[in-house]
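Worksheet: one structure, shown below.
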Amino acid sequence: MSSPKFTVITSTFNASEMLARTGLSLRQQVYRNFEWIIVDGASRDNTVEVAHGFDGLISVLISEPDNGIYDAWNKALPHITGDWVLFLGAGDELHESDTLQQLASLLPMLPDSITLAYGKVMDVDASGNLLGVRDETWEGLDGRWVIGRPALPCHQGVLHRAILFQDDFRFDTRFRIAADSELLLRELIEGHGRGMALIVSRFLRGGISDTKNNRLQVIREVLRVNARVGILHRRPFYLFFKLGVYALKDVVRRLLPGQT
Numbered sequence: 084m085s086s087p088k089f090t091v092i093t094s095t096f097n098a099s100e101m102l103a104r105t106g107l108s109l110r111q112q113v114y115r116n117f118e119w120i121i122v123d124g125a126s127r128d129n130t131v132e133v134a135h136g137f138d139g140l141i142s143v144l145i146s147e148p149d150n151g152i153y154d155a156w157n158k159a160l161p162h163i164t165g166d167w168v169l170f171l172g173a174g175d176e177l178h179e180s181d182t183l184q185q186l187a188s189l190l191p192m193l194p195d196s197i198t199l200a201y202g203k204v205m206d207v208d209a210s211g212n213l214l215g216v217r218d219e220t221w222e223g224l225d226g227r228w229v230i231g232r233p234a235l236p237c238h239q240g241v242l243h244r245a246i247l248f249q250d251d252f253r254f255d256t257r258f259r260i261a262a263d264s265e266l267l268l269r270e271l272i273e274g275h276g277r278g279m280a281l282i283v284s285r286f287l288r289g290g291i292s293d294t295k296n297n298r299l300q301v302i303r304e305v306l307r308v309n310a311r312v313g314i315l316h317r318r319p320f321y322l323f324f325k326l327g328v329y330a331l332k333d334v335v336r337r338l339l340p341g342q343t
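When you read off a place in the sequence shown, starting at 1, and then add 83, the result is the number in our numbering.
Structure (structure tokens):
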């Protein structure tokens with residue numbers, strides 16, 4: 084049973100301190116068979132200089148203007164040489180120094196049909212305080228729904244088989260927030276996912292999907308994703324109720340800043 088190689092992909096923009104957190108987490112890994120691909124959106128701070136401080140860990144560093152996180156991820160995809168791919172944002176960290184080692188022991192035991200292996204995620208704030216474990220186990224289409232779709236594991240805790248990104252696969256950059264949800268839903272609905280008991284990563288709260296100002300954008304994109312994967316009909320009243328709630332909150336936020 085061969086040891087898997089991991090590809091970690093990080094997109095960043097003007098986030099030098101946060102990128103350093105991610106880099107230190109990778110540097111501490113006892114399992115060394117991994118590559119780190121960084122796609123920077125032409126940062127105007129010293130993000131690139133910070134990245135060069137981790138030259139020994141980085142296999143590819145791209146720094147040029149992009150059109151958001153999924154455009155950045157798409158630029159990284161052709162450079163993947165690993166067996167399993169993990170997307171970590173700048174500021175996200177692997178949970179323990181032996182996280183990749185634990186994954187390297189677990190993943191080879193999975194059947195080839197499993198394309199997504201996901202674990203838990205620890206939420207942390209900007210000061211590094213632990214806020215609690217996020218365990219979003221896939222419960223199927225009849226299970227728990229959040230933000231207008233079935234509950235999905237956080238992408239910071241999901242290992243993707245690299246084969247998913249072959250054949251010129253690209254994330255749809257027309258989405259700003261939910262393009263990865265489409266991939267996760269397609270694979271999980273087909274039964275190609277498997278949960279793991281370990282905590283994979285520490286997720287830095289405050290990303291684009293976490294921000295109150297993006298609530299309405301999130302639900303709009305989620306509805307489009309639901310239509311594309313064929314589940315828009317599953318809970319129509321719930322979905323449009325959610326859309327109405329987010330739309331109302333968006334109006335209140337604009338009229339009364341700080342009230343939602």
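Backbone N, C-alpha and C define an ideal beta-carbon position, used for all residues, glycine too.
- Residue burial annotation: G202 is buried, with at least 16 other C-beta atoms found within 10 angstroms of its C-beta.
- With distances taken between CA atoms, T93 lies nearest to V122 out of I230, I314, V122.
- Around L102, the same chain offers T93, T95, I121, T130, V133, A134, A173, G174 as residues with beta carbons nearer than 8 Å, after the five sequence neighbours per side are excluded.
- When DSSP reads this structure, I141 sits in a beta bridge with W119.
- Here DSSP, grouped into helix, strand and coil, assigns A103 to helix.
- When DSSP states are grouped into helix, strand and coil, P233 belongs to the strand group.
- Rounded to whole angstroms, the gap between the alpha carbons of A98 and V312 is 34 Å.
- Within the DSSP bridge table, the entry for H162 names no partner.
- Per DSSP, the beta bridge partners of I282 are K203.
- When the five nearest sequence neighbours on each side are left out, the beta carbons in the same chain lying within less than 8 Å of the beta carbon of S180 are those of Q111, Q112, V113, in order along the chain.
- Measuring C-alpha to C-alpha distances from S85 to each of L190, G223, G278, V216 identifies L190 as the nearest.
- Beta bridge pairing from DSSP links H243 with V168, L199.
- DSSP places V305 in the helix class (H, G or I) of the three-state scheme.
- Residue range 89-95 is occupied by the beta strand (DSSP E) that includes T95.
- Between the beta-carbon of N157 and that of R253 there is about 5 Å, and that keeps the pair under the 8 Å contact cut.
- In this chain, V113 is not harboured by any beta strand (DSSP E), its DSSP state being neither H nor E.
- The Cβ-Cβ distance between W167 and P236 does not fall below 9 Å.
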